[in-house]
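Okay, so here's the structure we're looking at.
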Amino acid sequence: MDMKLTRRTVLAGAAALTAASTVTRVFAQEALAPVTIALSSNSLGLAPVRIAAQAKLFQKNGLDAKVTIADSGNAAMTALLSGSVEFAAPGLSEVLIINSKGQKVVVVANIHRGLGTSLVLSKRVAEKLGVKPDAPLEARLKALEGLKVALPSATSPSVAAFKGAASTAGASFDMVYMSQPAMIPALETGAVDAMVAAAPSWLRPVNTGSGYLWVSGPRGDIPAQFNTASSACLQATEAYAKANPKEIEAIRKTMQDVSKLILEQPDEAKRLLGEVYPDLSAADVAMVFDTSSRNWAKPVVTAQDIDHEKELLKASGLSTPAIEAVDSASLVDF
Amino acid sequence: MQTEAKSMAATNIDTRARRSGMPRWWYEFGSLQLVGQFAFLIGTLVVWQVASNAFGWEFWISNPVGIVEALIRWYNTGLLIPDLQITLFEAAIGFLVGSAFGGLMGFLLGWVRPLGNFMEPFVLALYTVPKIALAPLFVLWFGIGPTNKVMFSGLLVALMVFITTFQGVRQVDRDLVANAILLGAKPFQTWTKIALPYSAVWIFTGLRIGLPYALIGAIVGEFVASDSGVGYRIKEATSYFDTSAVFAGILVLMIISTFLLTILRLVERRILRWQTVDLSATREH
Chain V
1 MDMKLTRRTV
11 LAGAAALTAA
21 STVTRVFAQE
31 ALAPVTIALS
41 SNSLGLAPVR
51 IAAQAKLFQK
61 NGLDAKVTIA
71 DSGNAAMTAL
81 LSGSVEFAAP
91 GLSEVLIINS
101 KGQKVVVVAN
111 IHRGLGTSLV
121 LSKRVAEKLG
131 VKPDAPLEAR
141 LKALEGLKVA
151 LPSATSPSVA
161 AFKGAASTAG
171 ASFDMVYMSQ
181 PAMIPALETG
191 AVDAMVAAAP
201 SWLRPVNTGS
211 GYLWVSGPRG
221 DIPAQFNTAS
231 SACLQATEAY
241 AKANPKEIEA
251 IRKTMQDVSK
261 LILEQPDEAK
271 RLLGEVYPDL
281 SAADVAMVFD
291 TSSRNWAKPV
301 VTAQDIDHEK
311 ELLKASGLST
321 PAIEAVDSAS
331 LVDF
Chain E
1 MQTEAKSMAA
11 TNIDTRARRS
21 GMPRWWYEFG
31 SLQLVGQFAF
41 LIGTLVVWQV
51 ASNAFGWEFW
61 ISNPVGIVEA
71 LIRWYNTGLL
81 IPDLQITLFE
91 AAIGFLVGSA
101 FGGLMGFLLG
111 WVRPLGNFME
121 PFVLALYTVP
131 KIALAPLFVL
141 WFGIGPTNKV
151 MFSGLLVALM
161 VFITTFQGVR
171 QVDRDLVANA
181 ILLGAKPFQT
191 WTKIALPYSA
201 VWIFTGLRIG
211 LPYALIGAIV
221 GEFVASDSGV
231 GYRIKEATSY
241 FDTSAVFAGI
251 LVLMIISTFL
261 LTILRLVERR
271 ILRWQTVDLS
281 ATREH
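Line by line, the protein sequences are chains V and E. Heads up: the first sequence runs through residues 1 to 334, numbered per my numbering. Heads up: the second sequence runs through residues 1 to 285, numbered per my numbering.
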């Protein structure tokens, strides 16, 4: 066949190639299900989701995931209920409270096992009390007696955890509630003696030398009976979960993949963590990774975990009959 | 004289009724408007309650009965009055501090033109700053106690009062001032006899706009760091997804704000009574 290479055939060929590549791209994009995930903060406790996004694990599992940062767990849950996001990442207490209000929200996968916050004590107070940050845990807990401690909110799992932990050493402290960004100036100006926050908020006073990492949730300083099973987990409305089993499975698979990455390729995971949090120094990334990675690598929440959360709410006086009546199994098996 | 005034008022009512096409009694009984407003309020509350019950929207929009119940619960905990006292104290002091500072600065910069021209861009730049973003910094500067909320309230109010006072004083008729000086008026007399009366409406407008901002400042301060106050209770209720309690807090704020605005309006009416003219009557003739 004698085919002449004219200007017309070249142009037609180029147009056909462009159209073909566009069609391929469109089909490739269509294959990915778009989902939006609202995280409750930029806390490092939620790092697995951001590592997964950075490592393109959501795409690998067929999701075009957009991660957005809300002001609090409460705001993330509200975004979920309003239908503006498909997944939110508050704690277990929020899922229990919201179900007790008649809204059906289910737990899809875990993000952070146990408490994600830590207590930082002002250096000034520690020196006054004569207790060192490397003293035994009981002595550090006892040192909290009568101090003024800043906490994120009255309903935070940190309240029951740190109050409970202090009570094992016979100590009790006064609480002041404030947003995490306000805690740092409050600690540095002496308005409060200690603050309970997640990384990266607590890193600043520790790095500048104005505070000591005193009691760490991620490190496992909180006794099991006061510790939450999950301080952050991916949640969806029951209606969405039932209507979109493929997306639910993809989210679960992604969280398993990121757990595997954290456990089997820690250096790669640290590199990705550093990329997600460019303001953190390599030393901070390493420290946070070492204390938190084991909590990040447990992607499953069970009905027993939810029962444990109910007990915690009860012990801290935050439970109601409606919360106790929530069927734990229905929140994880749907 | 009284008969003349009555006759003028009757003519006024007739004219208004004729122009609007409404019956005369509509204007004759001014209280009918009040009845209408009351009926509108009750109607809205009934629709709200029925819609909430009928569609199961209590979680989303609460309802009037739920809000009243939440208020009663709040009262029964013994915290409503102390919370109100704290928030009112913070807002009131913030309002006084802010309006005094904003008023004085506005007057000074409005009166001394070269200084006002020099400072205007800086003040406008400060005015455009989203003040809420400064709230965490106020913790650094003023701690977590009431001072923090008072100063934040004061900042919001000061900017409002400053802007209106500044504009008001700038609009004072300078020819009038020059004439007064020619006739032997002292600077103090030009301030008290011309500048202040001339700009009083503007100043009061600033105070009226600033008053709700005093409450906003106190509430934002309580959102950022506190363990009591109306703002703190609203935040706490939000954590529990307790829509009724959130509305209860908002209702309390609304009542306080309306009450304070009414007082301010009475004060304004008393102070500016020399300016009161029956404009509607004037327009009709």
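Quick reminder that beta carbons are idealized off the backbone N, C-alpha and C, glycines included. Just so we're clear, the structure is a prediction, and the values are computed from it rather than from any experiment.
Identification of chain E residues near residue 235/V by a Cβ-Cβ cut-off of 9 Å yields none; the smallest Cβ-Cβ distance measures about 13 Å. Listed by position along chain E, the residues whose Cβ is nearer than 7 Å to that of residue 176/V are 144, 225 and 227. If only complete runs of 4 or more residues are kept, the stretch 172-248 of chain V shows the alpha helix (DSSP H) at 180-188, 203-208 and 238-243, in order along the chain. Of all residues in the stretch 232-256 of chain E, only 232, 235, 236, 238, 239, 240, 241, 242 and 243 come within less than 9 Å of chain V when Cβ atoms are compared, listed by chain position. Comparing alpha-carbon positions, the option among 55/V, 75/V, 84/V and 32/V lying closest to residue 41/V turns out to be 75/V. Pairwise C-beta distances place the stretch 208-217 of chain V out of contact with the stretch 298-313 of chain V, as fewer than three of them are shorter than 8 Å.
Below 8 Å, too few C-beta pairs join the stretch 58-65 of chain V and the stretch 217-235 of chain E to call them touching: fewer than three. Less than 9 Å divides the Cβ of residue 162/E from the Cβ of residue 206/E.
According to DSSP, residue pairing for residue 64/V in a beta bridge involves 34/V. Of the candidates 314/V, 307/V, 191/V and 38/V, 191/V places its Cα closest to the Cα of residue 139/E. Of all residues in the stretch 43-65 of chain E, the ones placed with a Cβ closer than 7 Å to any Cβ belonging to chain V are 59, in chain order.
Looking at the DSSP output, residue 88/V bridges to 38/V and 235/V.
Judged by DSSP in its simplified three-state form, residue 52/E adopts helix. Three or more Cβ pairs closer than 8 Å define a contact, and the stretch 252-264 of chain V falls short of that threshold against the stretch 66-81 of chain V. No Cβ of chain E is located within less than 9 Å of the beta carbon of residue 238/V. Around the CB of residue 54/E, fewer than 16 other CB atoms lie within 10 Å, so the residue is classed as exposed. Considered as a whole, the stretch 81-159 of chain V harbours 87-89, 105-113, 117-122 and 148-151 as its complete beta strand (DSSP E) runs of no fewer than 3 residues, in chain order. C-alpha of residue 186/E to C-alpha of residue 274/E: approximately 23 Å in a straight line. Residue 128/V counts as exposed, since fewer than 16 other C-beta atoms from the protein chains shown sit within 10 angstroms of its C-beta. Using beta-carbon distances, residue 137/E counts as an interface residue toward chain V, with a partner under 9 Å.
At a cut-off of 9 Å between beta carbons, residue 140/E contacts chain V. By a beta-carbon distance limit of 8 Å, residue 36/V contacts residue 86/V. Their separation comes to about 6 Å. If the five residues before and after residue 237/E are omitted, its C-beta is found closer than 7 Å to the C-beta atoms of 245, 246 and 249, all from its own chain and listed in chain order.
When the alpha-carbon of residue 243/V is set against those of 51/V, 113/V and 334/V, the nearest one is in 334/V. One thing to note: residue 119/V has its Cβ no nearer than 9 Å to the Cβ of residue 182/V.
Rounded to whole angstroms, the gap between the alpha carbons of residue 152/V and residue 118/E is 43 Å. By the rule that beta-carbons nearer than 9 Å mark a contact, residue 102/V touches chain E. Note that the C-beta distance between residue 154/V and residue 318/V is below 9 Å. Within chain E, no residue has its CB atom less than 9 Å from the CB of residue 248/V, the nearest being about 23 Å off. Nearest Cα to residue 145/V within the set 131/V, 92/V and 103/V: 131/V. Remark: fewer than three beta-carbon pairs, one from each stretch, lie closer than 8 Å, so the stretch 138-152 of chain E and the stretch 185-205 of chain E are not flagged as touching. With fewer than 16 other Cβ atoms from the protein chains shown falling within 10 Å of its own Cβ, residue 184/E counts as exposed.
A distance below 9 Å separates the beta carbons of residue 92/V and residue 228/V. Taking 9 Å as the cut-off, the beta carbon of residue 62/V is found closer than this to the beta carbon of residue 31/V. CA-CA distance, residue 110/V to residue 259/E, rounds to 49 Å. Under the three-state reduction of DSSP, residue 158/E is assigned to helix.
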